[in-house]
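**Student:** Let me begin by handing over the structure; questions about it come next.
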Amino acid sequence: MRRPLTVLAVALLGAGLGATTVAAPASAGESIVAPTHGFDPDEWSIRGYDCAGAPAGTTRLDLRATPLAQDGLGALLVTGTDDSLGGVLRRHVGVALPSISTTAYAVEGDDPHGVWRVEIGEHTLISDPVPLLARAWGRYYLRGAVLHEGEWSGSIDEFQREYGISEPWTAGLLTGGCVGSPLTWIDRVYDKQSRFSNDLEPSTWVSLVLVDPSRLRARVHRAVLETGEVTTPRGARVRLRQVRTADGQVTRTAYRRTDGRGAVTFPVRDRGRATRQAVWDPAGPGALVRSPLLLTP
């Protein structure tokens, strides 16, 4: 399949062009999920463009906790202006490129779209705009996209059959105001059709575990967005909240600071069934980071 593409902006702005998604295949075997709290540059590439495809710094990426996350504690929030496009591209070696897919939730835009970008060898392919579900999660497959490079046009399978390329690739679904999706969550990036995925989680998070019947341990974590390097800050002020299961009332709050390993231990003074949560305030009011709720016997 071939047709000319005169300028890159046609692919970015032509929301009326043919775009498709592919129904999810039947799941086979155990699902393997790797949490991603930052973006190691060997495995990810952060990108931002204007509507003509020129590099631009107007798109912001944040790994944040959100109740909209499909799994875990959070997702990647991609925020752009009306004239921007951006996101994060997956880099990989040894995995078949046609199998990549991702999940997305378009928060804004009545007719939101995304655009696949694929870099393989010396080639850069841009897709027709792919329609996204508005205010709902959808899964989107590279295999269903119509891609372009210069005069060439076709699917990723057709491209690989024609060029016989089997080298490392970089690919991802970009969103933004250029295609009617200025605010979008990205949660899962799948390396294969069903089994392998990266679950994008917040750069700051708190874990909480029951050590034994009389002790709880919370630990705070912070990852550098670009590199994924994780630290456990010392002296962080952590609050433990205890909520009665019966009526949801907060019955006890305790404050402690983390040690050199980013951990703090709380005694369990009140026995009986209760839900507990550790809360960290790393950047002032309004920036609270909460652990998952922990139900203790």
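Using the numbering used here, read the sequence shown as starting at 205 and increasing by one per residue.
Built from N, CA and C at the ideal position, the CB exists for glycine as well.
(1) Within a Cβ cutoff of 7 Å, which residues of the same chain sit near A338, ignoring the five residues on either side of it in sequence?
(2) So, for T431: in the same chain, excluding its five sequence neighbours on each side, which residues have a beta-carbon less than 8 Å away from its beta-carbon?
(3) Sorted by chain position, which residues of the same chain lie with C-beta nearer than 6 Å to T225's C-beta, five sequence neighbours on each side aside?
(4) Whole-angstrom Cβ separation of V383 and W484, contact assumed at under 8 Å?
(5) Using 8 Å as the Cβ pair cut-off and three pairs as the minimum, do the region 282 to 293 and the region 376 to 391 touch?
(6) Answer with buried or exposed for A258, where buried requires no fewer than 16 other C-beta atoms within 10 angstroms of its C-beta.
(7) Taking the DSSP output, what are the residues bridged to A458?
(8) Kindly indicate the opening and closing residues of the beta strand (DSSP E) around R321.
(9) If you draw a straight line from the C-alpha of G439 to the C-alpha of V493, how long is it?
(10) Candidates D463, R392, A422, R477: which alpha carbon is nearest L281's?
(11) What is the DSSP secondary structure of D507, reduced to helix, strand or coil?
(12) Is the beta carbon of T457 closer than 9 Å to that of R473?
(13) Alpha carbon to alpha carbon, what distance is there between P302 and S359?
(14) Is L414 closer than 9 Å to T479 when the C-beta atoms are compared?
(15) From R441, P417, W356, R294, pick the residue whose C-alpha is nearest to that of R423; which is it?
(16) Looking at T435 and A467, is the spacing between their C-beta atoms short of 9 Å?
(17) Does the beta-carbon distance from L293 to T388 come in below 9 Å?
(18) Express the C-alpha separation of S357 and L277 in angstroms, rounding to a whole number.
(19) Using the three-state DSSP reduction, which class does P516 fall into: helix, strand or coil?
**Tutor:** Let's see:
(1) The count along the sequence shown starts at 1 and reaches residue 338 at position 134. Excluding positions up to five away in sequence, the list reads A310, G313, D314, P316.
(2) For the purposes of this step, residue 431 is taken as the residue at position 227 of the sequence shown. Same-chain partners within the cutoff: G242, F243, D244, P245.
(3) Numbered from 1 along the sequence shown, position 21 holds the residue referred to as residue 225. Low confidence applies to T225: its pLDDT is 35, below 50, so where it sits in the model is not reliable, and the reading given next is rough at best. Same-chain partners within the cutoff: Y344, G348.
(4) Here residue 383 refers to the residue found at position 179 when the sequence shown is read from its first residue. Here residue 484 refers to the residue found at position 280 when the sequence shown is read from its first residue. V383 to W484, Cβ: 36 Å. No contact.
(5) yes
(6) Here residue 258 is taken as the residue at index 54 of the sequence shown, counted from 1. Exposed: under 16 other Cβ atoms inside 10 Å.
(7) For the purposes of this step, residue 458 is taken as the residue at position 254 of the sequence shown. Answer by DSSP bridge pairing, in chain order: L444.
(8) Here residue 321 corresponds to residue number 117 of the sequence shown, with the count starting at 1. Segment 317 to 324, the beta strand (DSSP E) holding R321.
(9) In the sequence shown, residue 439 corresponds to position 235, counting from 1. In the sequence shown, residue 493 corresponds to position 289, counting from 1. About 15 Å.
(10) Within the sequence shown, the letter at position 77 stands for residue 281. Per the Cα distances, R392.
(11) Here the chain has residues from 205 to 501 only, and residue 507 is not among them.
(12) Here residue 473 corresponds to residue number 269 of the sequence shown, with the count starting at 1. Here residue 457 corresponds to residue number 253 of the sequence shown, with the count starting at 1. Contact: no.
(13) In the sequence shown, counting from the first residue as 1, residue 359 sits at position 155. In the sequence shown, counting from the first residue as 1, residue 302 sits at position 98. Distance between the alpha carbons of S359 and P302: 9 Å.
(14) Sequence index remark: in the sequence shown, residue 479 carries index 275 (1-based). Sequence index remark: in the sequence shown, residue 414 carries index 210 (1-based). Contact flag unset, no.
(15) Position 219 of the sequence shown, counting from 1, holds the residue named residue 423. When only C-alpha atoms are compared, the closest one is R441.
(16) As a position in the sequence shown, residue 467 is number 263, starting the count at 1. As a position in the sequence shown, residue 435 is number 231, starting the count at 1. The answer is no: Cβ separation not under 9 Å.
(17) One-based indexing of the sequence shown puts residue 293 at position 89. One-based indexing of the sequence shown puts residue 388 at position 184. Cβ distance not < 9 Å, so L293 and T388 don't count as in contact.
(18) Start at 1 with the first residue of the sequence shown, and residue 277 comes out as number 73. Start at 1 with the first residue of the sequence shown, and residue 357 comes out as number 153. One C-alpha to the other measures close to 39 Å.
(19) No answer is possible for residue 516: it lies beyond the span of the chain, which begins at 205 and ends at 501.
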